[in-house]
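> After the structure tokens below, expect a handful of questions from me.
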Amino acid sequence: MHNIPRLDRAARRRLIRRAKKAKDPHTALRFLMIAKLGQGLSRQQVARDLACVPSTVVKTARRFAEGGEEGLLDQRAFNGVRKVDLRFKEELERVLLAVPTEFGWQRTTWTRELLGCELERRRLPRVAPCTMGRALSAIGARLRMPKPTVACPWDSERRKHVLAKLRRLARNATVEEPVFFEDEMDVHLNPKIGRDWMPRGHRRYVLTPGQNRKRFVAGALNATTRRMTWVDAPTKASELFHKLVWKLLGEYRGARRIHLILDNYIIHASKKTKRFLAQFGDRVVLHFLPPYCPDDNRIERVWLDLHANVMRNHRCRTMEELMVQVVAFLRSYNQRKRLNPSLKLAAGVSGSRSVV
235 MHNIPRLDRA
245 ARRRLIRRAK
255 KAKDPHTALR
265 FLMIAKLGQG
275 LSRQQVARDL
285 ACVPSTVVKT
295 ARRFAEGGEE
305 GLLDQRAFNG
315 VRKVDLRFKE
325 ELERVLLAVP
335 TEFGWQRTTW
345 TRELLGCELE
355 RRRLPRVAPC
365 TMGRALSAIG
375 ARLRMPKPTV
385 ACPWDSERRK
395 HVLAKLRRLA
405 RNATVEEPVF
415 FEDEMDVHLN
425 PKIGRDWMPR
435 GHRRYVLTPG
445 QNRKRFVAGA
455 LNATTRRMTW
465 VDAPTKASEL
475 FHKLVWKLLG
485 EYRGARRIHL
495 ILDNYIIHAS
505 KKTKRFLAQF
515 GDRVVLHFLP
525 PYCPDDNRIE
535 RVWLDLHANV
545 MRNHRCRTME
555 ELMVQVVAFL
565 RSYNQRKRLN
575 PSLKLAAGVS
585 GSRSVV
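With positions in the sequence shown counted from 1, the corresponding number in the numbering used here is that position plus 234.
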């Protein structure tokens with residue numbers, strides 16, 4: 235064991251100042267240990283005052299006896315050039331834009347170890363998985379769920395032309411001819427399981443009803459005011475879409491023509507729907523999105539928020555209880571949007587109430 239001689243007041247104050255200026259908390263702790271040992275305190279007393287074990291105080295005393303004050307510094311500062319430099323981070327970002335199979339690896343997802351192997355193959359320094367984790371955090375990389383998607387069968391020019399036309403239609407919406415983004419959503423009684431924060435050693439359980447039940451909601455998002463209009467039904471048939479159209483016609487009685495931007499689901503183009511729309515002449519016009527382009531339907535964002543706030547990990551035991559929460563969310567969504575008074579008056583909307 236190395237005995238630390240008594241230090242004068244000036245030496246102890248210098249150690250305390252260096253502890254305050256140290257960026258590393260472990261380095262600061264070592265300076266404070268030597269300052270207290272130099273005051274004449276025992277190793278047990280120093281460990282008790284600084285909330286550490288006596289063996290740490292012994293190791294620190296040995297470092298001070300062998301290297302003086304400089305021996306208390308973080309020795310990693312003398313390891314040479316940093317491994318995770320700007321070039322390392324830029325190459326890491328490029329690698330993350332692809333999947334491992336594109337570089338000949340059998341695994342389909344990246345791990346910290348595999349990222350280290352790939353960067354080492356690119357003649358960069360080999361780093362430990364913990365160091366790779368800090369590098370990932372430094373470039374803002376996150377561990378997230380990938381989004382499944384289906385490629386649109388149309389050629390790129392045709393798809394871009396149709397999408398540009400629909401965006402122009404939504405941008406030029408007027409009081410006489412409002413534009414809506416329409417879509418349907420499935421409400422499952424069995425909750426969607428999602429990530430949640432939990433204390434260490436504790437796992438949260440979500441009790442599921444077992445036998446799933448469904449309810450279907452059809453909604454229309456006003457492209458100008460962002461106001462939601464919705465209906466629900468026990469089946470996802472043409473009548474659900476018809477019910478939504480009737481409600482839109484009632485709420486926007488002052489509109490000369492209503493435009494609906496929607497996907498190619500069968501209930502939107504069935505024979506029953508065509509006969510239903512024929513009675514209105516050209517007052518209801520349907521504009522179909524290209525196949526498999528859900529990101530261009532703005533109402534999908536509303537459904538995403540609804541799933542995140544209501545459907546995920548919910549505790550509802552009955553469908554009626556769950557639908558109350560769905561309706562409450564949609565009503566609060568409308569309350570958050572500022573309606574255009576002139577559009578509200580022309581459309582004949584009396585408040586933001588919606589009957590479901």
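For each residue, glycine too, the CB sits at the ideal point set by N, CA and C.
1. What is the DSSP secondary structure of Met545, counted as helix, strand or coil?
2. Among Asp258, Ala244 and Ser276, which one has its Cα closest to the Cα of Asn237?
3. Cα-Cα, which of Asp430, Thr552, Asp497 and Gly272 is closest to Thr442?
4. In whole angstroms, what separates the C-alpha of Arg630 from that of Thr459?
5. Mapping the DSSP letters down to three states, classify Phe522 as helix, strand or coil.
6. Ends of the alpha helix (DSSP H) at Glu410?
7. Would you kindly check if the distance between the Cβ of Met419 and the Cβ of Trp537 is under 7 Å?
8. When the Cβ atoms of the stretch 492-504 are set against those of the stretch 518-525, are three or more pairs found closer than 8 Å?
9. From Pro528, Val561 and Asp529, pick the residue whose C-alpha is nearest to that of Val544; which is it?
10. Distance check for Ala269 and Pro288, CA to CA, integer angstroms please.
11. If contact is defined by three or more beta carbon pairs under 8 Å, each pair taking one atom from either stretch, is the stretch 470-481 in contact with the stretch 425-445?
12. Among Pro528, Arg297 and Leu358, which residue has its Cα nearest to the Cα of Glu324?
13. By DSSP, does Ala452 sit in helix, in strand, or in coil?
14. Are there 16 or more other CB atoms within 10 angstroms of the CB of Asp539, so buried, or fewer, so exposed?
15. What is the rounded straight-line gap between the Cα of Arg246 and the Cα of Lys257?
16. Out of Gln273, Val292 and Ser371, state which residue places its alpha-carbon closest to the alpha-carbon of Leu326.
17. Nearest by alpha-carbon distance to Glu304: which of Gln273, Val280, Val333 and Phe265 is it?
18. Nearest-angstrom Cα distance between Gln240 and Phe322?
19. Per DSSP, which one or two residues make a beta bridge with Lys426?
20. Quick one: what's Thr463 bridged to in DSSP?
21. With a CB to CB cut of under 7 Å and the five nearest residues on each side skipped, what residues in its chain are close to Val384?
22. Starting from His493, trace the beta strand (DSSP E) both ways and give me its first and last residue.
23. With DSSP run on the structure shown, which of helix, strand or coil describes Met419?
In short:
1. The residue labelled residue 545 in the question sits at position 311 within the sequence shown. In this structure, Met545 counts as helix in the three-state DSSP scheme.
2. For the purposes of this step, residue 237 is taken as the residue at position 3 of the sequence shown. It is Ser276 whose Cα lies nearest to the Cα of Asn237.
3. Start at 1 with the first residue of the sequence shown, and residue 442 comes out as number 208. Nearest of Asp430, Thr552, Asp497 and Gly272 to Thr442, Cα basis: Thr552.
4. No answer is possible for residue 630: the residues shown for the chain start at 235 and end at 590.
5. Taking the first residue of the sequence shown as 1, we reach residue 522 at position 288. Note: Phe522 maps to strand in three-state DSSP.
6. Indexing the sequence shown from 1 puts residue 410 at position 176. Run containing Glu410: none; DSSP gives neither H nor E here.
7. Your numbering for residue 537 matches position 303 in the sequence shown. Your numbering for residue 419 matches position 185 in the sequence shown. Contact annotation: Trp537 and Met419 have beta-carbon atoms nearer than 7 Å.
8. By the Cβ rule, the stretch 492-504 counts as touching the stretch 518-525, because three or more pairs are nearer than 8 Å.
9. As a first step, residue 544 must be located in the sequence shown, where it is residue number 310. Ranked by how close their Cα comes to the Cα of Val544, the residues Pro528, Val561 and Asp529 have Val561 in first place.
10. Position 54 of the sequence shown, counted from the start, is the residue given in the question as residue 288. Position 35 of the sequence shown, counted from the start, is the residue given in the question as residue 269. For Pro288 and Ala269, the distance between alpha carbons rounds to 15 Å.
11. Not touching, per the Cβ criterion.
12. Against the sequence shown, residue 324 aligns to sequence position 90. Out of Pro528, Arg297 and Leu358, Leu358 has the C-alpha closest to the C-alpha of Glu324.
13. Locating residue 452 in the sequence shown gives position 218, where the first residue counts as 1. Residue state for Ala452 is assigned as strand, using DSSP reduced to three classes.
14. For the purposes of this step, residue 539 is identified with residue 305 of the sequence shown, where counting begins at 1. It counts as exposed.
15. For this step, residue 246 is matched to residue 12 along the sequence shown. For this step, residue 257 is matched to residue 23 along the sequence shown. Computed Cα separation, rounded: 19 Å.
16. For this step, residue 326 is matched to residue 92 along the sequence shown. Considering only alpha carbons, the answer is Ser371.
17. Position 70 of the sequence shown, counted from the first residue, corresponds to residue 304. Here the closest residue by C-alpha is Phe265.
18. By one-based count along the sequence shown, residue 240 stands at place 6. By one-based count along the sequence shown, residue 322 stands at place 88. Sequence check: residue 240 is Arg here, not Gln. Between the alpha carbons of Arg240 and Phe322 lies a gap of roughly 47 Å.
19. Taking the first residue of the sequence shown as 1, we reach residue 426 at position 192. According to DSSP, Lys426 bridges with Arg546.
20. Numbered from its first residue, the sequence shown carries residue 463 at position 229. Thr463 pairs with Ala454.
21. The sequence position of residue 384 within the sequence shown is 150, counting from 1. Within the same chain, Val384 has close Cβ partners Tyr526.
22. Looking up residue 493 in the sequence shown gives position 259. Segment Ile492 to Leu496, the beta strand (DSSP E) holding His493.
23. Taking the sequence shown and counting its residues from 1, the one referred to as residue 419 is at position 185. Met419 falls in the strand class under three-state DSSP.
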